[in-house]
Every structure is written in structure tokens, then in C-alpha cells.
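Read in order, the letters of the sequence shown are residues 12 to 243 in the working numbering. What follows is one structure encoded as C-alpha cells, with my remarks underneath.
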Amino acid sequence: MMFPSVRLAQNLLETGGVIHSWYNLGGIKVGGGQTNAYWQGEAVVKGTWEVFDGRSENTRAAFRAYKSVYHFYKDLDLLLATPRYERVRKALTPERQADMLFACGYATDPAYPVKLKAIINQYGLKRYDALGSKQFPLPEKLKGAEQIVVLHQGLVISDGYLIGGVTWVPARLLGEALGAEIDWTGMQVTVNQRALESVLSEATGYVPIRALAAELGLTASWDPLARVILLG
Numbered sequence: 012m013m014f015p016s017v018r019l020a021q022n023l024l025e026t027g028g029v030i031h032s033w034y035n036l037g038g039i040k041v042g043g044g045q046t047n048a049y050w051q052g053e054a055v056v057k058g059t060w061e062v063f064d065g066r067s068e069n070t071r072a073a074f075r076a077y078k079s080v081y082h083f084y085k086d087l088d089l090l091l092a093t094p095r096y097e098r099v100r101k102a103l104t105p106e107r108q109a110d111m112l113f114a115c116g117y118a119t120d121p122a123y124p125v126k127l128k129a130i131i132n133q134y135g136l137k138r139y140d141a142l143g144s145k146q147f148p149l150p151e152k153l154k155g156a157e158q159i160v161v162l163h164q165g166l167v168i169s170d171g172y173l174i175g176g177v178t179w180v181p182a183r184l185l186g187e188a189l190g191a192e193i194d195w196t197g198m199q200v201t202v203n204q205r206a207l208e209s210v211l212s213e214a215t216g217y218v219p220i221r222a223l224a225a226e227l228g229l230t231a232s233w234d235p236l237a238r239v240i241l242l243g
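Here it is, written out as C-alpha cells:
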């Protein structure tokens, strides 16, 4: 949909590099858009500026508020999938995509494309474009699972694999990121020295997310619309 380099440049431009608690990294306004799985109508009203007839004007606007960065990105993808942004989707280079975002009316600032391109070059963001299309296979022992994401404090912290009503997560990757002590008995993963039901695949131990969360004093809630796990 969007080149990772353009996506990241837009995030830096729109936020100044600060992730706010409403997780709107692209300046998406409430507008007349309909609620969906990723945006349920929450909003933040704040000051902004727009360019009208060549003049910059200070104003206030309602911006969409999200549960996480993931929810924002998915909502942005829905917006860019509309007919209005066809030229953005068809752009073959990051530079062309930056031009088309402005041409399709995403922003009113005529310098918007130039600013995006400057940020891409300043931070060497094109190096992420090849990674954006890379596919990662499912763990062999969890074939047939639905790959989902696990969110913590508004950010993606791990992948999860939903199968048979249970979401399995990589114990060491996720557990250690949350400050847990992770070990392996030879048959089971231990979290803070407590053994949990485990699946071993490609030298990685997976445990049920709810069991891991319970050992860490956290809750794992399911967002059925967005199909993600929220750890809190």
C-alpha cells in the first residue's frame, strides 16, 4: 500500500517524532469517515494549521484517536484503499508516492511532498522498503494458525498464532521484553521458574498468551474487531 520509507517519513513529519497517547501518527482527521474495526469514533480536538488559497491559517480540528499504533496503521490502509487514493497505490517509487499523497488531497501544505522526501533522505529510510515485502513462514508446529499481533502500551510487541481458540506466543521474545525470566526444562518453558504448557518449533518455545500474562500480573484481552491481543 505505502512504501515503508514514505510511511515512516509521514509519521515523523506529522508527529515531530513524538508518539502521543492517541496514536494518530498520520494526522488523520475525523472527517465524514465511518467507524470501522480499527477506529471506533474516538477523537482528540487540537490546534493545527492548513493552507487555503496559498495562505497558512491556524485552526482547530478533530483528529481520530486510536487504541494503538497498529490500529492507526490499519485505519490508514483502509483510507488509502479508497478510490480517491488510487494514484498513491499505483506509485512505483517513494518519491512518486509522496507527490501523489499531496495530489490526492491528503494534506493541504504544498511543501508536503518535499518535506517527506527530505525526511526519507535525511534518515535513509529507503533501507526499510525491501524489508516491508518480506514474508515470514508460520512455525511448523503451528501450521494452520491465524497470525495475529500482540500489543502492549500501544505498540506491537510480538506476533501471536491463534489456533483452536488459543493464542501461542514466543515465550523468550515476549517474556523477556516484559521483564520475565524465561528458561527451558527440556520439555516445557518456564516463566519465572513456573512451567507452562509449551510447543517447541524451530528451537523456539511457544506458550499460551493468557498463561504468560497471568504469570506477569497482566491481562490479555481480545479485540474481536481488530483481531489483536491487548496486554495490559
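Cβ coordinates follow ideal geometry from the N, Cα and C atoms, glycine included.
Under the three-state reduction of DSSP output, V177 falls in the strand class.
Pairing Q108 with A114 gives a Cβ-Cβ distance that is not under 8 Å. R18 and L229 have their C-alpha atoms some 32 Å from each other. From the listed residues Q45, L89, P235, the smallest Cα separation to L173 is found for P235.
Contact between I193 and V180 is absent: CB atoms are separated by about 11 Å, not below the 8 Å threshold. Contact between the segment 25-36 and the segment 72-88 is established, with three or more Cβ pairs separated by less than 8 Å.
One thing to note: V177 has its Cβ no nearer than 8 Å to the Cβ of I168. Under the Cβ criterion (8 Å, minimum of three pairs), the segment 84-95 does not count as touching the segment 148-158. Rounded to whole angstroms, the Cβ separation of A182 and G135 is 34 Å, and the two are not in contact under 8 Å. Beyond the five residues adjoining it in sequence on each side, L207 comes within less than 6 Å, by CB distance, of V200, V218, A222 in the same chain, given in chain order.
In the three-state DSSP reduction, R238 falls in the coil class, being neither helix nor strand.
Between P105 and S16 the beta-carbon gap is near 5 Å, inside 8 Å, which marks them as a contact. In the displayed model, K154 falls within coil according to three-state DSSP, outside both helix and strand. When only Cα atoms are considered, K128 and E61 end up about 20 Å apart.
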